[in-house]
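Undergrad: Taken in order, the sequence shown gives residues 0 to 257; the numbers are from numbering that gives the first Met the number 0. Quick reminder that beta carbons are idealized off the backbone N, C-alpha and C, glycines included.
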Amino acid sequence: MDGTGSDKKTQRQELLMEQLARQRHVSLEEVARRFSVTTQTARRDIMELEKQGRLRRLHGGAMIADAVGPEELRRRRIRNAEAKERIARHVAGLVPDGASIFLDTGTTCEAIARALLARRNLRVVSYSLRIAAYLRETTDFTIAIPGGFVRQVDGGVFQGQADSFIAGFKFDLGILSVSGVDDEGDLGDDDSAEVETVRAAIRQSARVLLAVDSSKFGHRGLVQLGSLRDVDLLISDAPPPAPIASRAAACGVDVETV
């Protein structure tokens, strides 16, 4: 390839990364259409950028490598920290000793992990290396995590068959937190890599607890994970706004405010 062709490819890939920074996800068809290239060329660009660690390849498209960056994760750990601690203590009080639980990743679930020190003989499955390492050092719980690649930003562990790994368990409780609960009652997340894992956990859980601070109400996440129909109990630091409260009631979801 001559220099001109190489320059065009570099420019195209940089523009693609700028597009991903704005909209988080892009399909092969979008890339091909925007840059007037074949889907094969679009796929090669995505594969090259994935090798550079700049994006994550998905079926039929790509997303930015970390849907939530390190700075945003640090802000989330500080933001509403006191509310998250109250939620965490309440959730821990609902977990009986000896229970088998799935514990989601994220700052609220990290707070819940700390609150679970009051429990005994738990069996915990999580895809958060941070949570698993913390519980390993501070408890004698039985802990299981899937094998795979560790996401640098938050210690999430992902691999292609993580949902199959989760499907091998049965949980008394599935404890989830999400990026947003919109007015239609849909649960949103910021990372599509997490969605299938959490969906598998929901299917394997006798009871599903959704723990979110009130800032998540009315917010639409990037990827739809599920809906309030998948949840048995919603726990937050403030009552949900009327549209979400109405949807929760219609779905038979109990709501507890702490």
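Answer yes or no: do residue 178 and residue 215 have a C-beta to C-beta separation smaller than 8 Å?
TA: yes
Undergrad: Determine the direct distance from the alpha carbon of residue 92 to that of residue 184, and round the result to whole angstroms.
TA: 26 Å
Undergrad: Give the DSSP-derived three-state secondary structure of residue 90 in the structure shown.
TA: If DSSP states are grouped into helix, strand and coil, residue 90 belongs with the helices.
Undergrad: What are the boundary residues of the alpha helix (DSSP H) that residue 223 is part of?
TA: No alpha helix (DSSP H) contains residue 223, which is instead part of the beta strand (DSSP E) from 222–226.
Undergrad: Under a three-way DSSP split, which group does residue 140 fall into?
TA: coil
Undergrad: Ordered along the chain, which non-local residues of its own chain (more than five positions away) have a Cβ less than 7 Å from that of residue 166?
TA: 199, 203
Undergrad: Just to confirm, does residue 225 get its C-beta within under 7 Å of one of the non-hydrogen atoms of the ligand NAD?
TA: As far as ligands go, the structure on display features none, and thus does not contain the ligand NAD.
Undergrad: Between which residues of its own chain and residue 44 is the CB-CB distance below 6 Å, once the five residues before and five after are set aside?
TA: Non-local beta-carbon contacts of residue 44 in its own chain, meaning distances under 6 Å to residues more than five positions away in sequence, involve 12 in chain order.
Undergrad: According to DSSP, is residue 148 part of a helix, a strand, or is it coil?
TA: Strand at residue 148.
Undergrad: When the Cα of residue 127 is compared with those of 139, 116, 174, which residue comes out closest?
TA: 174
Undergrad: Is it the case that the stretch 115–135 contacts the stretch 88–105, given that we only count it when at least three CB pairs across the two stretches are under 8 Å?
TA: Touching, per the Cβ criterion.
Undergrad: Report yes if the CB atom of residue 98 is closer than 8 Å to the CB atom of residue 172, and no otherwise.
TA: yes
Undergrad: Could you pull the DSSP bridge partners for residue 53 from this structure?
TA: Residue 53 pairs with nothing; no bridge assigned.
Undergrad: Taking DSSP as the reference, what is the three-state secondary structure of residue 30?
TA: helix
Undergrad: Within its chain, find whatever has a CB closer than 7 Å to the CB of residue 31; leave out the 5 residues flanking it on each side and keep chain order.
TA: Answer for residue 31: 37, 38, 41, listed in chain order.
Undergrad: Could you check the C-alpha separation between residue 134 and residue 108 for me, to the nearest Å?
TA: 12 Å
Undergrad: By a C-beta neighbour count over all protein chains shown, 10 Å radius and 16 as the cutoff for buried, is residue 0 buried or exposed?
TA: Model confidence at residue 0 stands at a pLDDT of 45, short of 50, so the residue's coordinates are unreliable; what they give is reported in the following sentence. Its Cβ having fewer than 16 others within 10 Å, residue 0 is exposed.
Undergrad: How many angstroms separate the CA atom of residue 161 from the CA atom of residue 46?
TA: 22 Å
Undergrad: From what residue to what residue does the beta strand (DSSP E) around residue 106 run?
TA: That residue, residue 106, is in no beta strand (DSSP E); its alpha helix (DSSP H) goes 106–114.
Undergrad: I need the boundaries of the beta strand (DSSP E) containing residue 122, first residue and last residue.
TA: 122–124
Undergrad: Looking at the structure shown, is residue 35 part of a helix, part of a strand, or coil, going by DSSP?
TA: coil
Undergrad: Taking the alpha helix (DSSP H) that residue 96 falls in, what are its first and last residues?
TA: Here residue 96 belongs to no alpha helix (DSSP H), and DSSP marks it neither H nor E.
Undergrad: Taking C-beta to C-beta, are residue 245 and residue 211 nearer than 8 Å?
TA: no
Undergrad: Near residue 26, which residues of its chain fall below 6 Å by C-beta distance, leaving aside the five closest residues on each side in sequence?
TA: 59, 60
Undergrad: What is the rounded straight-line gap between the Cα of residue 18 and the Cα of residue 147?
TA: 28 Å
Undergrad: With H, G and I counted as helix, E and B as strand and the rest as coil, what does DSSP make of residue 0?
TA: Note that residue 0 scores a pLDDT of 45, beneath 50, so its modelled location is shaky; the value from the coordinates is reported in the next line. Coil, per DSSP.
Undergrad: Would you mind giving the Cβ-Cβ distance between residue 224 and residue 252, rounded to the nearest angstrom? I have them listed as a contact below 8 Å.
TA: Contact between residue 224 and residue 252 does not hold, since the beta-carbon distance rounds to 15 Å and is not under 8 Å.
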